[in-house]
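Residue numbering for the sequence shown follows the numbering used here, beginning at -19 and increasing consecutively. Glycine residues also receive a C-beta, built at the ideal position from the N, C-alpha and C atoms.
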Amino acid sequence: MKNWTWKDGVALLIWLLPLAYLATFYKRLPASVPVHFGMDGRPDRYGNPSEFLLAVLVLMGAAALAYLLLKFLPSIDPRRTAKYSAHTFRQLGFVMLLFITAINLAIMYGTQHEGLRMEKVIFPLIGLLFTYMGNMMHSLKPNYFVGIRTPWTLESEDTWRKTHQLAGKLWLPGGLLLTSLALVLPSAAAVVVFMVLLFIMILIPVIYSYIYFKRGNA
C-alpha cells in the first residue's frame, strides 16, 4: 500500500499484542471476571468472559482509531494546516497506540491477578503520556484537532505558540511528577493528588491563552 511503512508494521504487531495475550488464558477464565475498574484501582463491575472479550476489543478499536486518525489527519483537515505537524501527529498516534495497548494489557493482567493495584499502573502511564506531550508541544502547529484548542489559540497563531510553549514547560516535569506521586503515595491519596494536579496542569494553559490573547489585542 502506498501509505504503508515499516512503522505501521510495528504498530500492527503492538496492536495485536492484547489478542495474543488473551489467547494464552481466555479458556481458563472463570464464569465471572472483572470488566471495569474504579478510580481506586479496584474492580467495580464483573461480567462473563464474552463481555471481557468485548471490552478488550473495544480498547483495541480505540487504539486503532487513534493511530489511524492521527496518521491521516492532514488528509482530512479542511484547512490543510495539519500538514505542518504531520510528523508530530504520526509520532503521537504511535504513542497513543502504545498507551491504550498498555492499559489494555494491564487490565487483562489485573483480571488474572486481583491483587494488582490498577491505579499504580494506569496513573503512571497517564503521567508519562503528559510528559511526552509536554516534550512535543513546541513542535505542534495551529490546527483544529490536537493541542490546546481554545477560542484564543485558534484565533491567534502567536497565542497558540506561546500557550503551547508554556504547556510544554509545565507538562514535561508535571507528567514526571504525576508518575512519581502515583507510584509512591498511598492509593487514596494518590487518586486525589493526581486528579488535582492534572486539573491544574490543564487549566493553567487555558487561562494563559485567554490572558495572553487579551493583552495582545488590548
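Residue i versus residue j - alpha carbon distance
i        : j        : result
Gly148   : Phe174   : 19 Å
Leu(-3)  : Thr81    : 8 Å
Leu120   : Lys7     : 45 Å
Ala0     : Leu(-7)  : 10 Å
Met(-19) : Lys(-13) : For Met(-19), the predicted structure reports a pLDDT of 48, less than 50, and the residue's modelled location is therefore unreliable. A value from the coordinates is still provided. Cα to Cα, the separation comes out at about 13 Å.
Tyr190   : Gly127   : 15 Å
Ser53    : Thr139   : Sequence check: residue 53 is Leu here, not Ser. Near 23 Å, if we compare the C-alpha coordinates of Thr139 and Leu53.
Arg195   : Thr(-15) : 45 Å
Glu200   : Thr143   : Because the chain here runs from -19 to 198, residue 200 falls outside it and cannot be looked at.
Proximity test, Cβ basis, 7 Å: residue i and chain C
i      : result
Val173 : In the structure shown, chain C does not exist; there is a single protein chain.
Check whether residue i and residue j have beta carbons under 7 Å apart
i      : j        : result
Leu39  : Asn(-17) : no
Tyr26  : Pro14    : yes
Pro104 : Ala162   : yes
Met117 : Gly154   : no
Leu146 : Pro185   : yes
Leu150 : Asn115   : no
Leu108 : Thr159   : yes
Trp132 : Phe179   : no
Residue i versus the options, residue with shortest Cα-Cα distance
i      : options                         : result
Ala3   : Tyr89, Leu49, Thr68 and Val176  : Tyr89
Arg141 : Met76, Tyr188, Asn197 and Phe52 : Tyr188
Leu77  : Phe110, Pro166 and Leu50        : Leu50
Ser167 : Val(-10), Met98 and Gly41       : Met98
Asn123 : Arg70, Ser65 and Val176         : Ser65
Asn28  : Gly41, Ser12, Trp(-5) and Ala46 : Ser12
Cross-strand partners of residue i (DSSP beta bridge)
i     : result
Arg70 : DSSP output for Arg70 lists no bridge partner at all.
Tyr26 : Pro14
Residue interval of the alpha helix (DSSP H) (run including residue i)
i      : result
Lys7   : Segment: none, Lys7 is in no alpha helix (DSSP H) and carries neither H nor E.
Ser160 : Glu137 to Val164
Phe179 : Ser167 to Gly196
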